[in-house]
Amino acid sequence: MTADSNPGPTRRGFLAGGALLGVAGATFGARQLAGAAPLHSEESHSHGVMSGATFRGSGVVDPAINGFDPTKILRDFDYGKVSTLPNGRTLREWTVTASDKDIEIAPGVKFPSWLFNGRTPGPTLRATEGDRLRIRFINNSKHPHTMHFHSIHPSEMDGVPGQGAGLVAPGSETTYEIDAEPFGFHLYHCHANPLAEHIARGMYAGLIIDPDGGRPDADEMVMIQNGWNTTFDGEGNQMYAVNAIPFHYMYAPIQVKKNKLVRIYLGNMLEYDPINSFHLHANFFKYYPTGTSLVHSEFTDTIIQGQGQRGILEVTFPFAGKFMFHAHKSEFADLGWMGFFEVTE
Ligand SMILES: [Cu+2]
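According to this note's numbering, the sequence shown is numbered sequentially starting from 5.
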């Protein structure tokens, strides 16, 4: 079923400016997306952000409201508590807690999210291939959840209902223990049913497994693509983003240095839409699908990712200035999945 066949509010209707949608205590209206207004409307050019790509009637989402900041999440790598096992292997230990929280996804628009460690995406867990990973998972949410890792591991550690610890009930906890294999950029997410809802509510994050010996020095960052289905109809999404907050990197361009290697760990956890993409303006990047090879497979400015796909992008910026990046599904870009790199000398 397509959004077009749904007689209720649709994202295309939203783009066209026809929808007034109640969203968990907040209502689009005075604060509906400016993307829903004509690009030249008087509401959309007066906030100093970007005509046609901001939200009507207000400015930016204050990270203090949510308790997490997409600018910090970008370069926040969690290596865990490190120790050495008797056999000489490195052990990394984390505690990850699930919780429920209404977060602000656009100014004045609250969404009842489910989170790992109070943020979405959850913490970017980072290890080196061959490490032992021990993740204590505490469920402080009102709903049962799991942690399912994209890695090579035994079935009882797969974090799905009916296997191993299975669903972790509210108030309960379990510990997952897996090896860091294979090296690359992977994802983890809740695998409770309905799976689509648990992902769309915000329960996903990146898992970086570095190759033995690492990769060349670079300015590294994580971007996870997502969407917000604010109508809960499962018919596409009303907003799109990288690292949760639509347009965040338009307001706060990602600061990088000219001629410095930038490495982007890019994943796609977009629910309800089959395909996502990443396009960089005025430049080309090397692309390493899943990051499982040290040899890039493409030199391009646009890549496609289905849900669960991820990869590593490497790029240097030869010119100073502001360079846009966005989904090359233009509709997603209009609804929040766009940002800037700001390159300085
Ligand atoms: Cu869940």
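Note that beta-carbon positions come from the ideal geometry of N, C-alpha and C, so glycine has one too.
Following a CB-centred definition, is residue i positioned closer than 6 Å to any heavy atom of ligand 1?
i	result
H149	yes
A200	no
M207	yes
A196	yes
If you draw a straight line from the C-alpha of residue i to the C-alpha of residue j, how long is it?
i	j	result
I142	H300	38 Å
D216	I316	17 Å
S117	D338	23 Å
Y253	G92	42 Å
G134	G112	45 Å
L298	P186	12 Å
D82	P322	30 Å
E346	E177	42 Å
W341	P74	13 Å
V164	G122	22 Å
I279	V246	14 Å
D104	D80	22 Å
T94	R130	12 Å
A40	T132	Note that A40 scores 34 on pLDDT, short of 50, meaning its location in the model is unreliable and no value can be drawn from it.
E318	N287	11 Å
Can you give me the start and stop residues for the alpha helix (DSSP H) that residue i sits inside?
i	result
R68	According to the sequence as given, residue 68 is Ala; it is not Arg. Note, A68: alpha helix (DSSP H), 67-70.
I77	74-78
F288	No alpha helix (DSSP H) contains F288, which DSSP labels as neither H nor E.
S334	334-338
H330	Note, H330: premise wrong, no alpha helix (DSSP H); beta strand (DSSP E) at 325-330.
E133	Careful: E133 lies outside any alpha helix (DSSP H) and carries neither H nor E.
Y83	It is not in any alpha helix (DSSP H) - Y83 carries neither H nor E in the DSSP assignment.
M254	252-255
Taking all protein chains shown into account, decide if residue i is buried (16 or more other Cβ within 10 angstroms of its Cβ) or exposed.
i	result
I69	exposed
S155	buried
R96	buried
N263	exposed
L89	exposed
D162	buried
A356	The first residue shown for the chain is 5 and the last is 349, placing residue 356 beyond what the model contains.
P250	buried
Q36	Reliability of the predicted coordinates at Q36 is poor, the pLDDT of 38 falling under 50, and the value obtained from them is presented with this limitation in mind. Burial call: buried.
F236	exposed
E239	buried
List the whole-angstrom C-beta distance separating residue i from residue j, where the pair is believed to meet the contact cut-off of C-beta under 8 Å.
i	j	result
E181	R136	7 Å
G271	L191	5 Å
F120	A102	6 Å
V86	G126	Between G126 and V86 the Cβ distance is about 20 Å, and since that is not below 8 Å, they are no contact.
M328	I268	Actually they do not touch by this definition, with Cβ atoms about 14 Å apart.
H149	C194	5 Å
What residue range is occupied by the uninterrupted beta strand (DSSP E) comprising residue i?
i	result
S103	94-110
F345	342-348
H193	188-193
I139	136-143
I203	Premise fails: I203 lies in the alpha helix (DSSP H), 199-204, not in any beta strand (DSSP E).
Could you tell me whether the Cβ of residue i comes closer than 7 Å to any Cβ of chain C?
i	result
I258	Among the protein chains of the structure shown there is no chain C, as only one such chain exists.
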